[in-house]
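A.B. asks: Dropping a structure here in structure tokens format, bear with me for questions.
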Ligand SMILES: Cc1ncc(COP(=O)(O)O)c(C=O)c1O
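Numbering (full-length UniProt numbering), first residue to last: 1 to 484.
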């Protein structure tokens, strides 16, 4: 069991040997009487280096989470964003013209890629973008005196944030059935009436399938007076290939931390910009970032939007993240984005083709950037579940994929390789999954008791989330909540 830094502490041990009054100014902080562990410098370095090795990220290895694109973030993006790290958002717009020009250019590039009139860069995540977009839809209907529209239709394959955002934005969410991996048009028609404010859809959807009937769906919803919301979390499959605006979506969010290669996960900042068609521009959150061409031109935050839904983030969002996306967009260009999406789709189809010889793929047609496996047959025959297979993958050195999502597929694993993985990496991952399938048949107990190589094996996941026991001084029981 890993020891905490406090357990290395020995009275009087110190992390540095600087004199009390050094002749060189090391920028050392004032000495303070804090209750800190007393350890040597090498203890600290080794402790945190050890801990960092216990973490798993896309920089360590393959990270096949489905519906949650975890793609490699080129380090040049970080370098670029660092240049602006010292800026203060309280400064006058005139002092930040170079920074504002980058944000403005980011908005224009997103408009070009997705086909919208304008984007707000304020929302901090996909779910925050959904909330913002739904408030815009609500403002639009209310402004037209159509306050009866209180329902948002959401397919049953949708990501959990979709129904949650509907509720948060004051709508009633109504679930629409899926049929053969797409929207069940007959069920959709049953629900379309003058109380429907809109439909939320992910395309490609969470099964990794492109909604072939999207133009018919858009027509039906618009004819009923509703608007279409595009959950762009899966846009990594379609950059430069299919624009949501052309599919009929009036509002869209995209997850910069997925599609445009800014870091994701670990609770770090993200960005979920929201794009709108021309008719919805007046309702965008204020401020919007505008450009005045007079006197050589300048960028400024415009608060004069009487119909705006209001500000949804302090200042103008997570600017560091936006700058990384700017760098990614500029470096890729339109050809690079298109190629990234094409490779993401190719890699997913390659994995699917190799695995379908052994695993059950419930929707076997060509997939987009991700696809779903069901191991229901393993469960019936050998008692091995999707969670067991995910755990066993850790013994092979892989981060497990998404499990049990989407909810409409029993015992599912959802795989998304992304565009940056080479064929050898994909093959090694397939080999591991095929080997595990063999183990299921020959030694199911081995898979059911996995992982065998990690510090913690099968924590009580619900309890670890609901009752995290993270306070060393109170509990004195290291990781006790997770292992009890
Ligand atoms: C399809 C889909 N929609 C929405 C979201 C929510 O995005 P975020 O995690 O940035 O809030 C996700 C996240 O995984 C997703 O996969």
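A virtual CB, placed ideally from N, CA and C, is assigned to each residue, including glycine.
What you are looking at is a predicted structure, and each value in this text was computed from that prediction instead of being measured.
Rounding to the nearest angstrom, what Cα-Cα distance links residue 355 and residue 251 in this structure?
C.D. replies: Answer to the nearest angstrom: the Cα atoms are 36 Å apart.
A.B. asks: At the level of alpha carbons, what is the spacing between residue 175 and residue 210?
C.D. replies: Distance between the alpha carbons of residue 175 and residue 210 is about 19 Å.
A.B. asks: Taking a contact to mean a Cβ-Cβ separation below 9 Å, would you say residue 231 touches residue 253 in this structure?
C.D. replies: Yes, these two residues count as a Cβ contact at 9 Å.
A.B. asks: Consult DSSP for residue 455 and reduce its assignment to one of helix, strand or coil.
C.D. replies: Note: residue 455 maps to coil in three-state DSSP.
A.B. asks: Once the 5 residues before and after residue 37 are set aside, which same chain residues still bring their CB inside 7 Å of it?
C.D. replies: Counting only Cβ-Cβ distances below 7 Å, and skipping sequence neighbours, we find 5, 6, 8, 9.
A.B. asks: Could you say which of 50, 77, 143, 229 lies nearest to residue 514 if we only look at CA atoms?
C.D. replies: Given a span of 1 to 484 for the chain in the structure shown, any question on residue 514 remains unanswerable.
A.B. asks: Say whether the stretch 432-439 touches the stretch 174-191, bearing in mind that this needs 3 or more beta-carbon pairs closer than 8 Å, one atom from each stretch.
C.D. replies: Output reads no: the stretch 174-191 does not touch the stretch 432-439.
A.B. asks: Quick one: which unbroken alpha helix (DSSP H) runs of 4-plus residues sit fully inside the stretch 417-458? Chain order, please.
C.D. replies: Complete alpha helix (DSSP H) runs here, min 4: 423-442, 444-448.
A.B. asks: Assign residue 460 to buried or exposed, taking buried as 16 or more other Cβ atoms, counted over all protein chains shown, within 10 Å of its Cβ.
C.D. replies: Exposed: under 16 other Cβ atoms inside 10 Å.
A.B. asks: Are three or more beta carbon pairs between the stretch 101-114 and the stretch 361-375 nearer than 8 Å?
C.D. replies: No: the two stretches stay apart, fewer than three of their Cβ pairs being nearer than 8 Å.
A.B. asks: Which residues, in chain order, sit with a beta-carbon under 6 Å away from any heavy atom of ligand 1?
C.D. replies: This selection yields 67, 68, 125, 126, 127, 159, 161, 202, 206, 231, 233, 234, 255, 270, 272.
A.B. asks: For residue 135 and residue 286, I'd like the C-alpha separation in whole angstroms.
C.D. replies: Spanning the two alpha carbons is a distance of roughly 13 Å.
A.B. asks: Assign residue 3 to one of three DSSP states: helix, strand, or coil.
C.D. replies: Coil.
A.B. asks: With distances taken from CA atoms, which of 225, 226, 222, 260 is nearest residue 240?
C.D. replies: Residue 260 is the option with its Cα nearest to residue 240.
A.B. asks: Starting from the N-terminal side, write out each stretch of the beta strand (DSSP E) that is 3 residues or longer and does not extend beyond the stretch 70-135.
C.D. replies: For the stretch 70-135, whole beta strand (DSSP E) runs of length 3 or above, ordered along the chain, are 118-120.
A.B. asks: In terms of residues, what are the limits of the beta strand (DSSP E) holding residue 299?
C.D. replies: Counting along the chain, the beta strand (DSSP E) containing residue 299 begins and ends at 298-302.
A.B. asks: Check whether the stretch 144-162 and the stretch 333-346 are in contact - that is, three or more C-beta pairs closer than 8 Å.
C.D. replies: With the cut-off at 8 Å, the stretch 144-162 and the stretch 333-346 do not touch.
A.B. asks: Kindly give me the distance between the Cβ atoms of residue 263 and residue 73, rounded to whole angstroms, as I take these residues to be in contact under 8 Å.
C.D. replies: Sure, about 5 Å apart at Cβ, within 8 Å.
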